[in-house]
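Numbering (the numbering used here), first residue to last: 2 to 590. Glycine included, C-beta positions come from ideal geometry on N, C-alpha and C. One structure is given below, encoded as structure tokens.
Below, the structure written as structure tokens:
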């Protein structure tokens, strides 16, 4: 089944995908071009499906232009790590890759992947091969396909987590593009003999000849913690846990959500962030069929002419959620049961030492903006290397996992108690114990990479986060709210990689040093914020927040969160009912 409107798109990106030869393009030739540090223009699109973006250092762009030099090109490489699970041995290998080939260490993304920045073209293939040697890859980490599958890391749900993680990892494998291009280009695999090498390859059985209209994101969450921000995903699976006949909790199935997405464009009403709708409940064995049905529906009916309107959220809004539900049921052969009641209590990570199953311990580490490097007095990359080496040799062996969280932090699961004192020493020596004194703002703040490498960034984000968080913390102290929990997210542009629209306070980059101030989201990830003031400088942002925080300190209904207060009192939008409504209110009737 396909839609005629998608068959002959005039969009240049669609033409590149169709002519790519199942994602081969001319990458091989581009890599061997000694004249430039860049790839050919069309290959800059194709390489995204291999998990890499071409970038340049914008800090020196003008200097190089004046010197009549081409931009300082380099490549970002992103891993495909479903659920963010990495073994200590793999971490040490990844650390070695970052030290040899990349700049600024390792970076945890908001989708539980790792990014290497600053890899030059002549070392791109060697880096890809080194990543493959860790038994990981980067295929489909970027591009118009399903990307890294996010999975909850809640340490209080170990048995359920294992089952949900397995479902996410299996689905990630099932939804990979059906191509050998990755292995031919990066791992020197020979093309299969016996056919015409120039013949047009058969379309991908899931993605077709043109793949998806835009990127696609899937998340699995285990209540009561919404750490993957499931309602911001194109497709979400909310685990429903309940007692079996013996009174033991087990995974009963999932509520399925569709149509979330953060991307938008400034001053363009045709684009907007959106939270997902709930289609209904399915049993665990129906996950794959439903996921493929959702993806192929988007493949056939998504907008291929206008990329800014090409995400699933717009397909649903244009055609209607009831139409979409019926189409998914027809394609999958699965009839959705009524959604089960769900209640979330938060969306952040836990830090410090946590009790695991049996004698094992877990450890939550705060990693500011996800950046793990050696900078100044904080040698976090070195510290994690020491920690991973210690864990690799521990008595729990392969049971110990380093989990990347969707909030850009680390959860080290299943640690032998005998290691606690030595680990505490490592954390303090190398600046990894920041959760102890991060403050209520920086403890749960997020930021995208932004400048200097992201080509879309309009303002700073990652580099600015600690500075702004410190000033906001000082403002809280001034109005006697020093320990008040506050969820802050900064994005360098409106595309929203740090999920800014689903937070209590967000700064969305508008121009260098200027941001839109967004307020009124909830800390559960179930209500979007709204623009409070546009195009503000830092002094203007702090000046706008101060009277609101004074009012919040005086008039809050304890223990009301700041985002809920802004929504209830009409600071942004129409006044709402008291906060913390049940998520089941989003379920289709």
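CA-CA distance, residue 473 to residue 48, rounds to 40 Å. Excluding the 5 residues flanking it on each side, residue 16 has same chain C-beta neighbours closer than 8 Å at 10, in chain order.
Every unbroken stretch of the alpha helix (DSSP H) spanning 4 or more residues and falling wholly within the region 135-177 is given here in chain order: 159-175. For residue 490, the uninterrupted beta strand (DSSP E) segment begins and ends at 489-492. For residue 550, there is no enclosing beta strand (DSSP E); the enclosing alpha helix (DSSP H) has its first and last residue at 539-556. Contact between residue 145 and residue 212 is confirmed by a C-beta separation of about 5 Å, below the 8 Å threshold. A buried status is given to residue 229, since no fewer than 16 other beta-carbon atoms sit within 10 Å of its beta-carbon. Taking a 10 Å sphere around the C-beta of residue 280, we find 16 or more other C-beta atoms and assign the residue as buried. Distance from the CA atom of residue 205 to the CA atom of residue 74, rounded to whole angstroms, is 32 Å. In this structure, 401 is the residue among 401, 259, 467, 77 with its C-alpha nearest to the C-alpha of residue 91.
Spanning the alpha carbons of residue 296 and residue 480 requires a straight line of approximately 49 Å.
Per the Cβ contact rule, the region 102-120 is not in contact with the region 170-178 (fewer than 3 Cβ pairs under 8 Å). Within the DSSP bridge table, the entry for residue 563 names no partner. Here DSSP, grouped into helix, strand and coil, assigns residue 572 to coil. When the five nearest sequence neighbours on each side are left out, the beta carbons in the same chain lying within less than 7 Å of the beta carbon of residue 494 are those of 457, 458, 459, 510, in order along the chain. Going by DSSP, residue 511 is part of the beta strand (DSSP E) stretching over 506-512. Look at residue 431 here: in three-state DSSP terms it is coil, with no helix or strand label. Restricted to the region 78-111, the alpha helix (DSSP H) segments that are unbroken, complete and at least 4 residues in length are 89-102, listed in chain order. When C-alpha distances from residue 540 are compared across 505, 476, 220, the shortest belongs to 476.
Remark: C-beta atoms of residue 518 and residue 424 do not approach each other more closely than 8 Å. In the assembly as shown, residue 114 is a buried residue. Its beta-carbon has 16 or more other beta-carbons within 10 Å. Restricting attention to 66, 54, 184, the CA atom closest to the CA of residue 23 is found in 184. Less than 8 Å divides the Cβ of residue 444 from the Cβ of residue 367.
Closest option to residue 240, judged by alpha-carbon separation, among 345, 274, 19: 345. The alpha-carbon separation between residue 223 and residue 61 amounts to approximately 44 Å. Burial of residue 162 is indicated by the presence of at least 16 other C-beta atoms within 10 angstroms of its C-beta. Rounded to the nearest whole angstrom, the C-alpha separation of residue 454 and residue 165 is 34 Å.
Around the beta carbon of residue 441, 16 or more other beta carbons lie within 10 angstroms, which makes this residue buried. Boundaries for residue 353: no alpha helix (DSSP H) harbours it, while the beta strand (DSSP E) harbouring it runs 353-356, taken from the DSSP string.
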